[in-house]
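Residue numbers (the working numbering): 256 to 445.
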């Protein structure tokens with residue numbers, strides 16, 4: 256991948272500013288392309304609820320191209336895919352024989368985010384965006400673009416448990432989920 260000013264037909268601008276990470280700023284990706292955007296080493300030791308966010312745009316061959324994020328905590332000896340956490344938005348969307356990935360068209364820039372509890376407290380974390388056009392890709396496409404990568408700690412977790420008393424009866428509502436970042440109680444119109 257290259258840091259460049261996108262100037263393709265569909266991937267034609269960065270999400271913010273002038274530059275984004277792209278597979279090809281002015282043309283299609285290569286057949287059988289395998290590209291990486293690898294981060295420097297991050298220290299997550301002070302994070303208790305890490306969240307990864309980014310803006311992505313992809314124009315790929317549906318079901319034959321993989322675009323995903325992986326991580327390593329052992330200096331790159333092994334890489335594991337970051338799967339959608341309990342609090343994720345737009346995190347992947349295509350299931351390719353048990354492997355969930357971004358594939359097809361995002362139809363413009365979209366914000367993707369997921370909690371990554373498996374990285375909480377880890378001191379040596381590297382992230383890697385992976386674009387794999389594979390052996391079975393049909394034709395060439397514009398590929399992918401990545402911008403505005405953000406890692407934060409979700410420190411303002413919402414409270415979802417409460418007690419409500421009506422007509423002398425008390426009802427307790429309690430949360431039993433884990434790692435939630437938003438809750439909605441819907442009691443209808445009555």
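C-beta atoms are modelled at their ideal positions from N, C-alpha and C, and glycine is treated no differently. These numbers were taken from a predicted model, which means no experiment stands behind them.
Among the options, the one whose alpha carbon lies nearest that of residue i
i: residue 312; options: 276, 354, 377; result: 276
i: residue 332; options: 382, 386, 387; result: 382
i: residue 326; options: 294, 287, 308, 301; result: 294
i: residue 379; options: 334, 363, 348; result: 334
i: residue 304; options: 420, 372, 405; result: 372
i: residue 287; options: 321, 357, 422, 262; result: 321
i: residue 376; options: 281, 399, 306; result: 306
i: residue 314; options: 386, 302, 397; result: 397
i: residue 280; options: 271, 265, 289; result: 265
i: residue 282; options: 350, 420, 336, 256; result: 256
i: residue 342; options: 262, 259, 408, 420; result: 408
i: residue 357; options: 302, 374, 317, 329; result: 317
i: residue 389; options: 285, 297, 405, 260; result: 285
i: residue 385; options: 336, 298, 363; result: 336
Local Cβ density within 10 Å of residue i, reported as buried at 16 or more and exposed below that
i: residue 269; result: buried
i: residue 273; result: exposed
i: residue 291; result: exposed
i: residue 369; result: buried
i: residue 354; result: exposed
i: residue 262; result: exposed
i: residue 340; result: buried
i: residue 300; result: exposed
i: residue 350; result: exposed
i: residue 344; result: exposed
i: residue 402; result: buried
Beta strand (DSSP E) segment containing residue i, residue limits
i: residue 305; result: 305 to 314
i: residue 326; result: 321 to 327
i: residue 403; result: 398 to 408
i: residue 280; result: Unbroken run through residue 280: none, as it is neither H nor E.
i: residue 259; result: 257 to 259
Below-8 angstroms beta-carbon distance, residue i vs any chain D residue
i: residue 275; result: Considering every chain present, this structure includes no chain D. It has just one protein chain.
Bridge partner(s) assigned by DSSP for residue i
i: residue 291; result: 385
i: residue 418; result: 427
Run through the region 346 to 382 for me and flag every whole beta strand (DSSP E) of 3 or more residues, listed as ranges in chain order. Complete beta strand (DSSP E) runs here, min 3: 349 to 351, 354 to 356, 365 to 370.
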